[in-house]
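Chemist: Shown below is the structure under consideration.
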Amino acid sequence: YYNISGSTVSVTYPGSHSINSWSGYAKPTGPLTIPSTVTYSGTTYSVTSIGNDAFLDCSGLTTVTIPNSVTSIGYDAFYGCSGLTTVTIPNSVTSISSSTFRYCIGLTTVTIPNTVTSIGSNAFYGCIGLTTVTIPNSVTSIGDGAFAGCSGLTTVTIPNTVTSISNSAFRYCSGLTTVTIPNSVTSIGNSAFFGCSGLTSVTIGNSVTFIDYDAFYDCRGLTTVNYLGSLEGWCNITFSNYSNPVCYARNLSIGGTPLTHAAIPSSVTQIKPFTFYNDTALTTVTIPNTVTSIGISAFYGCSGLTTVTIPNSVTSIDISAFFGCSGLTTVTIPNTVTTIGKSAFARVRNIIYYGTASGSPWGALSVNGYEEYPLVFSDDSKTHLLGCNTSATTVTIPNSVTSIGISAFYGCSGLTTVTIPNSVTSIDISAFFGCSGLTTVTIPNSVTSIGNYAFYGCSGLTSVTIGDSVTSIGKAAFYDCSGLTTVTIPNSVTFIDTAVFYNCRGLTTVTIGNSVTSICDRAFYGCDSILDITALPTISPTLGTNVFTCSRSTIVNIPCGSLMYYSVDWDYFTNFVGGDAFSVSVESDAASQGSVAVLSQPTCEDPQAVVSATPAPGYHFLRWSDGSTSNPYTLIVDSDTSLIAYFALDGTEGINNVQPSDYSISTLGNQVFITGTSNQLVRIFDSMGRLLSTFHTSSTTSFQAPAMGVYLVQVGDSPAQRVVLR
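Residue numbers for the sequence shown follow my numbering, beginning at 1 and rising by one.
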């Protein structure tokens with residue numbers, strides 16, 4: 001069937017694409033020769049292409065001969081032609097499209113001419129009868145899954161013109177035994193040879209700079225990988241049958257069992273991040289003198305590793321490079337190393353280092369005995385702490401240490417006491433994670449930050465003091481510290497992070513600093529024993545979800561004037577204490593001598609109160625019970641307050657006549673007090689009228705008489721007042 005377009009025609013699919021049906025048209029069967037021309041209504045047309053789906057599901061086709069007039073074969077052209085055994089592709093064809101021969105399970109051989117430059121994705125997918133494929137030098141790209149599932153394929157020749165092998169290109173080609181990847185190839189895609197269980201030998205050209213995830217995963221028969229190149233970027237390849245992706249960028253002898261020894265060739269200059277991540281079977285590794293750096297977590301979790309020699313060529317060992325290599329008994333770090341990352345050797349027993357590692361965030365060290373030296377530092381100044389011996393019970397950190405690094409004491413379950421000096425400014429992520437034996441911790445005022453999970457699982461912790469300089473406490477910092485009973489968040493902290501005190505079941509008392517503006521999700525979740533909360537912020541901090549799970553009737557102490565906020569934002573609770581202004585009450589020492597009154601009570605906005613005392617006829621006011629002689633009296637109220645006013649009979653002490661309303665004179669012992677006026681000239685006379693002293697008044701002015709007796713006091717132009725001191 002043909003489709004006419006101008007002067008040419010293409011072989012076409014006559015059926016319905018929507019239901020993949022030939023719609024009553026007869027499917028061609030047996031051997032088929034496609035003509036180079038066809039004549040229709042007296043006109044002869046050249047056949048130049050085989051269209052998309054042209055022979056879809058023609059399972060009865062056995063052979064196909066394609067003429068030289070055809071230059072392109074469309075996608076799915078022979079999809080599902082399960083009876084097809086032979087196909088001749090002419091030199092005129094330049095590309096094989098996607099899924100062209102997909103599921104042609106009877107196809108045993110195919111010759112791809114030198115004119116073809118690309119093989120589309122899934123082009124020969126599932127051709128299980130295909131045994132040999134020769135890819136010509138004209139081909140530059142092999143698409144995703146091009147030969148995937150060709151389980152009968154035993155030999156494939158990849159020419160020097162191919163620059164990349166795409167994802168899953170030869171996936172599950174279980175019959176392949178050897179593969180040579182030429183020097184022209186620079187990258188091997190994800191799962192390119194995944195599940196090629198019959199593969200025993202692979203030679204990888206030295207131009208390959210990237211091998212993607214699982215490129216050789218589950219190649220259980222693979223025994224030899226020959227590679228002399230240098231991978232750039234992160235490489236995560238599984239050459240063996242186990243779950244964790246591992247990159248082996250070198251000549252290796254690998255079988256179906258996990259790798260135990262890795263010999264890195266001299267062509268390698270860097271061990272990339274995560275290269276041997278969690279390869280627990282690895283016991284030894286040989287690092288050549290060409291390697292200059294060991295990347296982040298390169299050997300992380302290699303708990304089976306017992307021996308490693310770091311050559312003099314290495315200058316840097318990055319973060320967590322050998323973290324958790326608990327099987328290592330001795331590591332010698334050469335003095336060429338100038339940078340050692342945080343936790344690079346955390347939980348490694350004996351470390352010998354002769355360098356200085358200046359500026360290192362991890363710290364250099366010189367340690368010869370695990371038991372004798374539980375702490376690990378990094379430079380001669382010993383300013384950064386790495387870790388400790390898990391059997392250590394007491395640790396005193398010297399004053400030279402300025403930071404406690406990531407996972408520094410991770411899993412030190414025997415640790416019961418730690419002293420943190422004032423030199424420390426930060427406690428990093430998981431620093432004391434799982435230190436279940438730790439009972440008390442004092443975080444000094446020098447510390448400004450506590451990292452995520454810093455004290456996670458410290459179930460034995462009964463007391464923690466957080467210094468006033470701490471501004472941030474990370475997520476889950478005290479998660480599951482079930483022994484804690486009391487905690488005070490200092491005023492320097494502005495928010496309480498997610499799950500900080502999650503499941504602290506023993507917590508009964510909580511104080512929240514006055515700068516806290518928000519409390520994140522589940523901060524006190526599971527702290528069901530909390531009985532008393534003191535919240536110091538005047539405006540209630542915003543709450544995330546499930547912040548508290550303690551009793552709704554838990555006492556919540558709040559500042560003056562804040563009830564309007566807490567009652568709305570903290571409506572989980574029903575028992576607020578405080579929130580209203582303080583009050584003042586007054587009484588007379590003797591009601592017959594004078595009366596008292598509160599002229600104004602304090603409010604939360606204005607804590608001042610004004611009280612007054614009015615003497616009865618024949619009496620005068622002496623003082624208040626707090627010692628003040630002011631009347632009226634203005635005072636600052638910071639708690640509920642009671643005052644008593646004291647009076648005296650005229651002529652016995654104090655003033656025996658009525659004072660002008662703009663100032664007052666009072667006495668105490670041999671002192672005379674003048675209040676209520678300022679910048680007035682005061683004259684003091686003795687009983688004979690002799691001038692003793694002159695001065696100007698301020699807000700409160702006093703004069704100390706030389707002896708008890710009678711004195712005359714004149715303020716400004718006012719009449720002189722008689723004062724009796726006895």
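Glycine is no exception: its CB is placed at the ideal position from the N, C-alpha and C atoms.
What does residue 557 pair with, by DSSP beta-bridge criteria?
Modeler: In the DSSP output, where bridge partners are listed per residue, residue 557 has 534 and 577.
Chemist: Please list the segments of the beta strand (DSSP E) lying wholly inside the segment 451-495, counting only runs of 3 or more residues, in order along the chain.
Modeler: The segment 451-495 contains these whole beta strand (DSSP E) runs: 463-466 and 486-489.
Chemist: Would residue 729 and residue 712 qualify as a contact pair, given that the criterion is a beta-carbon distance under 8 Å?
Modeler: Nothing in the structure corresponds to residue 729, since the chain is present only between 1 and 726.
Chemist: Which residues in the same chain as residue 663 place their Cβ atom closer than 7 Å to its Cβ, once the five residues preceding and following it in sequence are excluded?
Modeler: Cβ within range, chain order: 674, 675, 676, 677 and 715.
Chemist: Comparing C-alpha positions only, which one of 585, 680 and 546 sits nearest to residue 761?
Modeler: This structure gives no information on residue 761, because the portion of the chain shown stretches from 1 to 726.
Chemist: May I ask you to report which of helix, strand or coil DSSP gives residue 84?
Modeler: Coil.
Chemist: Helix, strand or coil for residue 686, going by three-state DSSP, please let me know.
Modeler: Strand.
Chemist: Starting from the Cα of residue 103, find the closest Cα among 126, 498 and 55 and give me that residue.
Modeler: Of the candidates 126, 498 and 55, the one whose C-alpha sits nearest the C-alpha of residue 103 is 126.
Chemist: Would you identify the three-state DSSP class for residue 711, choosing helix, strand or coil?
Modeler: Residue 711: strand per DSSP, three-state reduction.
Chemist: Nearest to residue 313 by CA position, among 336, 32 and 567, is which residue?
Modeler: Of the candidates 336, 32 and 567, the one whose C-alpha sits nearest the C-alpha of residue 313 is 336.
Chemist: Excluding the 5 residues flanking residue 698 on each side, which residues of the same chain have their C-beta closer than 7 Å to its C-beta?
Modeler: 678.
Chemist: Going by alpha carbons, who is nearest to residue 117 out of 143, 99, 131 and 132?
Modeler: Closest by alpha carbon: 143.
Chemist: Are the beta-carbon atoms belonging to residue 176 and residue 156 less than 8 Å from one another?
Modeler: A contact, by the Cβ cut-off of 8 Å.
Chemist: Buried or exposed, going by whether 16 or more other CB atoms sit within 10 Å of the CB of residue 167?
Modeler: Residue 167 comes out buried.
Chemist: Could I get the ranges of all uninterrupted beta strand (DSSP E) runs contained in the segment 601-630, with 3 residues as the minimum, in chain order?
Modeler: Taking only runs of at least 3 residues, the beta strand (DSSP E) segments lying wholly in the segment 601-630 are 608-615 and 619-624.
Chemist: Exposed or buried, what is residue 593 when buried is set at 16 or more other beta-carbons lying within 10 Å of its beta-carbon?
Modeler: It counts as buried.
Chemist: In chain order, what residues of the same chain lie with their CB nearer than 6 Å to the CB of residue 27, ignoring the 5 residues before and after it?
Modeler: Result list for residue 27: 58, in chain order.
Chemist: If we ignore side chains and look at the alpha-carbon of each, how far apart do residue 136 and residue 216 end up?
Modeler: Their backbone Cα atoms lie some 24 Å apart in a straight line.
Chemist: Residue 339: buried (16+ other C-beta within 10 angstroms of its C-beta) or exposed?
Modeler: It counts as buried.
Chemist: Would DSSP call residue 382 helix, strand or coil?
Modeler: Any reading at residue 382 must be qualified, since the residue scores a pLDDT of 40, below 50, and its modelled position is unreliable; the value itself is stated next. Of the three classes helix, strand and coil, the one that applies to residue 382 here is coil, per DSSP.
Chemist: In this structure, how does DSSP classify residue 565 when only helix, strand and coil are distinguished?
Modeler: Three-state DSSP puts residue 565 in a helix.
Chemist: Give me the Cα-Cα distance between residue 624 and residue 578, rounded to the nearest whole angstrom.
Modeler: Straight-line Cα distance between these residues: approximately 28 Å.
Chemist: Can you name the residues that DSSP bridges to residue 721?
Modeler: 713, per the DSSP bridge assignment.
Chemist: Report the three-state DSSP secondary structure of residue 582 (helix, strand or coil).
Modeler: Residue 582 falls in the coil class under three-state DSSP.
Chemist: State the Cα-Cα distance for the pair residue 287 and residue 326, rounded to the nearest angstrom.
Modeler: Distance between the alpha carbons of residue 287 and residue 326 is about 19 Å.
Chemist: Identify every run of the beta strand (DSSP E) within the segment 136-204, keeping only runs that are complete inside it and at least 3 residues long; order them along the chain.
Modeler: 155-157, 178-181 and 201-204, all fully within the segment 136-204.
Chemist: Can you tell me the Cα-Cα spacing of residue 595 and residue 635, whole angstroms?
Modeler: Cα to Cα, residue 595 sits roughly 19 Å from residue 635.
Chemist: Bridge partners of residue 2, per DSSP?
Modeler: 11.
Chemist: According to the Cβ coordinates, are residue 682 and residue 694 closer than 8 Å?
Modeler: For residue 682 and residue 694, yes; Cβs fall inside 8 Å.
Chemist: For the candidate residues 406, 98, 418 and 165, whose alpha-carbon lies nearest to that of residue 398?
Modeler: Among 406, 98, 418 and 165, the Cα nearest to that of residue 398 belongs to 418.
Chemist: If you draw a straight line from the C-alpha of residue 244 to the C-alpha of residue 182, how long is it?
Modeler: Low confidence applies here, because residue 244 scores a pLDDT of 32, under 50, leaving its location unreliable; read the following figure in that light. Each residue's alpha carbon lies about 28 Å from the other.
Chemist: Using only alpha-carbon positions, find the residue among 521, 517 and 214 that is nearest to residue 538.
Modeler: Ranking the options by Cα distance to residue 538, first place goes to 517.
Chemist: What span of residues does the beta strand (DSSP E) with residue 133 cover, start to end?
Modeler: Residues 132-134.
Chemist: What span of residues does the beta strand (DSSP E) with residue 50 cover, start to end?
Modeler: Segment 43-50, the beta strand (DSSP E) holding residue 50.
Chemist: Quick one, which of 94, 187, 426 and 52 has its alpha-carbon nearest residue 2's?
Modeler: Considering only alpha carbons, the answer is 52.
Chemist: Pick out whichever of 180, 214, 490 and 198 has its Cα sitting closest to the Cα of residue 189.
Modeler: It is 214 whose Cα lies nearest to the Cα of residue 189.
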